[in-house]
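Residue numbers (UniProt numbering): 1 to 471. Data block below; observations after.
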Amino acid sequence: MVLIPVILAGGNGERLWPLSRHHTAKPFIDLFGSTYTLFQETLLRVQGLSEQAPIIVCNEVHRFLVAQQLQELGIKNASIMLEPVGRNTAPAITLAALEAKRRHHQDDNSEQECIMLVLPADHLIKDLDAFSEAIKQSIEVAKEGGLVTFGIEVTRPETGYGYIQSLNGSSVTAFVEKPDKDTAQRYYLSGEYLWNSGMFVFKPECYLTELALHQAQILQSVSLAYQERKEDLDFIRIDEASFAACPSESIDYALMEKTEQAKVVAYRGDWSDVGSWEALFEYAEKDERHNALMGDVMLETTSNSLVRAESRLVATVGVDNLVVIETADAVLVMDKQHSQGLKKIVQRIQASGREEHNFHKKVHRPWGSYEIMDMGKRYKVKRIVVKPGEKLSMQMHYHRAEHWIVVSGSARVYKGNESFLLSENESTYIPLGETHSLENPGEIALELIEVQSGGYLGEDDIVRFHDRYGR
1 MVLIPVILAG GNGERLWPLS RHHTAKPFID LFGSTYTLFQ ETLLRVQGLS
51 EQAPIIVCNE VHRFLVAQQL QELGIKNASI MLEPVGRNTA PAITLAALEA
101 KRRHHQDDNS EQECIMLVLP ADHLIKDLDA FSEAIKQSIE VAKEGGLVTF
151 GIEVTRPETG YGYIQSLNGS SVTAFVEKPD KDTAQRYYLS GEYLWNSGMF
201 VFKPECYLTE LALHQAQILQ SVSLAYQERK EDLDFIRIDE ASFAACPSES
251 IDYALMEKTE QAKVVAYRGD WSDVGSWEAL FEYAEKDERH NALMGDVMLE
301 TTSNSLVRAE SRLVATVGVD NLVVIETADA VLVMDKQHSQ GLKKIVQRIQ
351 ASGREEHNFH KKVHRPWGSY EIMDMGKRYK VKRIVVKPGE KLSMQMHYHR
401 AEHWIVVSGS ARVYKGNESF LLSENESTYI PLGETHSLEN PGEIALELIE
451 VQSGGYLGED DIVRFHDRYG R
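Put into structure tokens, the structure is as follows:
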């Protein structure tokens, strides 16, 4: 039996703003101050269960984060499939099923059964023995053609999760949406329900066969997009037009609620989707006053609170039951019990044309990073760090000029038809409309200060002529 891990790394994690943002989403953040991100924890969790390289389905904007975090774990030959647009879990899993089927036959393992283990990238699972046991049970059911989902044992009347009703063994009676408080209490007391985890086990051909019966349009659109795929560096790019034409539906709605092959296996260990600051607080280590503290914080007569500082000292006095999250460009102060309403703030930020829902002040790129130090009406100051041997794209700007000052390391500058080296404390000027690029030819990181000036300083004012990273 060949078990192929599939990691779904989409989504934005808006309920963990301001730490989680569109370009640095929840799965790729170290939420607990540990060694690994949730995405990396998920990868490590399945390494002991399968020797197969994983299939990752992710948003295109996260591709370099995915590649970097795979590299940090020494995981090679992963299939990184890029969604050009988000279309929910059913199309994403369909992409993975087509890739798993192709890979299985390509590797000449057709005599062995191929089974997919589909996992979201942002779940926290501590009880690995119970998790492994649930997978073993699921594999046996999947071998018989079942489409298996994991149901989590209900431990409280939770309104933030969907539920699965199961009246006899592994058969699914019904999938139900997130309930109100009274309904959740009734589900909890009945003993008939499990939380819907979003984790699945099935054969790819069984999934695709059932999808053809119940949601043929998704299969048709995704198959066409997959057929037109192209490999780009470490990534698999699929056809954007075909994928964009695909209905946007969850696997539950598109298939699991309709198929007669839906089965559920109970997982009775510790689990969380870390879907809110309140959920993160429950899993974080606490002090003697039941506070979860991260970063440079000082508390006085504070209790039952989550306080996290990213870039400066944060102090609280005389508060209870709060979430206080500080980043370089935003501060959140919230009653823990109102965490489900945070999404409305993110929507308002987006509607107002601001960028705090998209980027942090420090933005990671495949060549290094940049951090916005200051900005005004017609200027922006950045600290840029370029890793040894890396190079920015050859580009130009319509609306801004740039001044570069090298702080440390050495820079090779390409400007128009000339190329020259800059050392520490040397500088150059890039006029508006001039083609240019920057490279670090040295063995240590290149750090420089960039001062932009002009009428428009948005990150979309870039015309790329050549880019080694395929952007």
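Note that the Cβ used here is the ideal one computed from N, Cα and C, for glycine as well. For clarity, every value in this text was computed on a predicted model and none was experimentally measured.
Give the straight-line distance between the Cα atoms of I384 and Q112, rounded to the nearest whole angstrom.
-> Taking the first residue of the sequence shown as position 1, residue 384 is located at position 384. Taking the first residue of the sequence shown as position 1, residue 112 is located at position 112. Going by the C-alpha atoms only, they are around 50 Å apart.
Pull up the CB-CB distance for I175 and E260, whole angstroms please, since I reckon it's below 8 Å.
-> Position 175 of the sequence shown, counted from the first residue, corresponds to residue 175. Position 260 of the sequence shown, counted from the first residue, corresponds to residue 260. It is worth fixing the name first, because residue 175 is Phe in this sequence and not Ile. Actually they are not in contact, since the Cβ atoms of F175 and E260 sit about 14 Å apart, beyond 8 Å.
So what does L438 bridge to, in DSSP terms?
-> Here residue 438 is taken as the residue at index 438 of the sequence shown, counted from 1. According to DSSP, L438 bridges with V413.
Whole-angstrom distance between F202 and H123, CA atom to CA atom = Locating residue 123 in the sequence shown gives position 123, counting from the first residue. Locating residue 202 in the sequence shown gives position 202, counting from the first residue. So the two alpha carbons sit approximately 20 Å from each other.
Boundaries of the beta strand (DSSP E) in which H399 is found, first to last residue | On the sequence shown, residue 399 is found 399 positions in, with the first residue counted as 1. Element bounds for H399: n/a, residue is neither H nor E.
Segment limits, beta strand (DSSP E) that includes V323 = To locate residue 323, count along the sequence shown from 1; it is residue 323. V323 -> beta strand (DSSP E) spans L322 to E326.
Going by DSSP, name the residue or residues bridged to V201.
-> Looking up residue 201 in the sequence shown gives position 201. According to DSSP, V201 bridges with L117 and V148.
For E240, which residues of its own chain have a beta-carbon under 6 Å away from its beta-carbon, when the five flanking residues on both sides are left out?
-> One-based indexing of the sequence shown puts residue 240 at position 240. P84.
Is Y193 helix, strand or coil when you go by DSSP?
-> Taking the sequence shown and counting its residues from 1, the one referred to as residue 193 is at position 193. In this structure, Y193 counts as strand in the three-state DSSP scheme.
Given a cut-off of 9 Å, decide if V57 and A9 are closer than it, judged by their beta-carbon atoms.
-> Reading the sequence shown from its first residue, position 9 is the one you call residue 9. Reading the sequence shown from its first residue, position 57 is the one you call residue 57. Their beta carbons are under 9 Å apart, which means A9 touches V57 by this criterion.
By Cβ distance below 6 Å, which residues in the same chain neighbour I125 in space, the five residues on each side in sequence not counted?
-> By one-based count along the sequence shown, residue 125 stands at place 125. Excluding positions up to five away in sequence, the list reads F131 and W271.
Nearest to Y193 by alpha carbon, out of F200, S170 and M199?
-> Position 193 of the sequence shown, counting from 1, holds the residue named residue 193. Of the listed residues, the one whose Cα sits closest to Y193 is S170.
One or two residues paired with S303 in a DSSP bridge | Translated into the one-based positions of the sequence shown, residue 303 becomes position 303. DSSP, once it has assigned bridges, lists D320 as partnering S303.
Quickly, what does DSSP pair K263 with across the bridge? List them, please.
-> The residue given as residue 263 occupies position 263 in the sequence shown. Bridge partners of K263: V148 and S171.
Per the contact definition of three or more C-beta pairs closer than 8 Å, is the stretch 296-307 in contact with the stretch 316-323?
-> yes
Nearest to T173 (by Cα), restricted to the options G151, M334 and T155 = As a position in the sequence shown, residue 173 is number 173, starting the count at 1. For the residues G151, M334 and T155, the minimum Cα distance to T173 belongs to G151.
What do you reckon, is the C-beta of N425 under 8 Å from a heavy atom of the ligand ATP?
-> Of ligands this structure carries none, so the ligand ATP is not represented either.
Limits of the unbroken alpha helix (DSSP H) element including E288 | Position 288 of the sequence shown, counted from the start, is the residue given in the question as residue 288. No alpha helix (DSSP H) contains E288, which DSSP labels as neither H nor E.
Going straight from the alpha carbon of S339 to that of G470, what length do you get?
-> On the sequence shown, residue 339 is found 339 positions in, with the first residue counted as 1. On the sequence shown, residue 470 is found 470 positions in, with the first residue counted as 1. The alpha-carbon atoms of S339 and G470 are separated by roughly 38 Å.
What are the start and end residues of the beta strand (DSSP E) that includes V6?
-> Taking the sequence shown and counting its residues from 1, one reaches residue 6 at position 6. V2 to A9 is the extent of the beta strand (DSSP E) around V6.
Beta bridge counterpart(s) of A309 as assigned by DSSP | Locating residue 309 in the sequence shown gives position 309, where the first residue counts as 1. Answer by DSSP bridge pairing, in chain order: E326.
How is the alpha helix (DSSP H) around F243 delimited, first residue to last?
-> As a first step, residue 243 is located in the sequence shown; it is residue number 243 there, counting from the start. That run of the alpha helix (DSSP H) goes E240 to A244.
Burial state of N77 (16 or more Cβ within 10 Å) = As a working mapping, residue 77 is identified with position 77 in the sequence shown. Exposed is the call here.
Nearest-angstrom Cβ-Cβ length linking H436 and I444, presumed shorter than 8 Å | If you number the sequence shown from 1, residue 436 lands on position 436. If you number the sequence shown from 1, residue 444 lands on position 444. Contact flag wrong, Cβ pair sits at about 23 Å.
Mind checking which residues open and close the alpha helix (DSSP H) that includes I56?
-> As a working note, residue 56 is residue 56 in the sequence shown. Segment I55 to N59 is the beta strand (DSSP E) holding I56; no alpha helix (DSSP H) there.
Are the stretch 271-287 and the stretch 205-221 touching, with three or more C-beta to C-beta distances below 8 Å?
-> no
Relative to the C-alpha of Q395, which residue among H403, T42 and Y414 is closest?
-> In the sequence shown, counting from the first residue as 1, residue 395 sits at position 395. Put simply, of H403, T42 and Y414 the residue whose alpha carbon is nearest the alpha carbon of Q395 is Y414.
Can you list, in chain order, the residues of its chain whose CB lies under 7 Å from that of G389, leaving out five sequence neighbours each side?
-> Position 389 of the sequence shown holds residue 389. The residues are N440.
Determine the direct distance from the alpha carbon of A142 to that of I115, and round the result to whole angstroms.
-> Translated into positions along the sequence shown, residue 115 becomes position 115. Translated into positions along the sequence shown, residue 142 becomes position 142. Roughly 7 Å between the two C-alpha positions.
For G376, three-class secondary structure by DSSP = As a working mapping, residue 376 is identified with position 376 in the sequence shown. Here G376 sits in coil by DSSP.
Return the CA-CA distance between L446 and E72, expressed in angstroms with no decimal places.
-> In the sequence shown, the residue the question calls residue 446 occupies position 446. In the sequence shown, the residue the question calls residue 72 occupies position 72. Our two residues, L446 and E72, have alpha carbons roughly 21 Å apart in a direct line.
Name the one or two DSSP bridge partners that Y370 has.
-> As a first step, residue 370 must be located in the sequence shown, where it is residue number 370. V363 and I384.
Do the CB positions of F235 and A67 come within less than 9 Å of each other?
-> Taking the first residue of the sequence shown as position 1, residue 235 is located at position 235. Taking the first residue of the sequence shown as position 1, residue 67 is located at position 67. Closer than 9 Å, so yes.
Where the alpha helix (DSSP H) through D129 begins and ends | Position 129 of the sequence shown, counting from 1, holds the residue named residue 129. Taken as a continuous stretch (DSSP letters only), the alpha helix (DSSP H) holding D129 covers L128 to K143.
For H214, the residue or residues it bridges with in DSSP = Counting from one through the sequence shown, the residue named residue 214 turns up at place 214. Answer is none; H214 lacks a bridge partner.
To the nearest angstrom, report how far apart T94 and L219 are at their CA atoms.
-> Taking the sequence shown and counting its residues from 1, the one referred to as residue 94 is at position 94. Taking the sequence shown and counting its residues from 1, the one referred to as residue 219 is at position 219. Using only the alpha carbons, I get a separation of about 7 Å.
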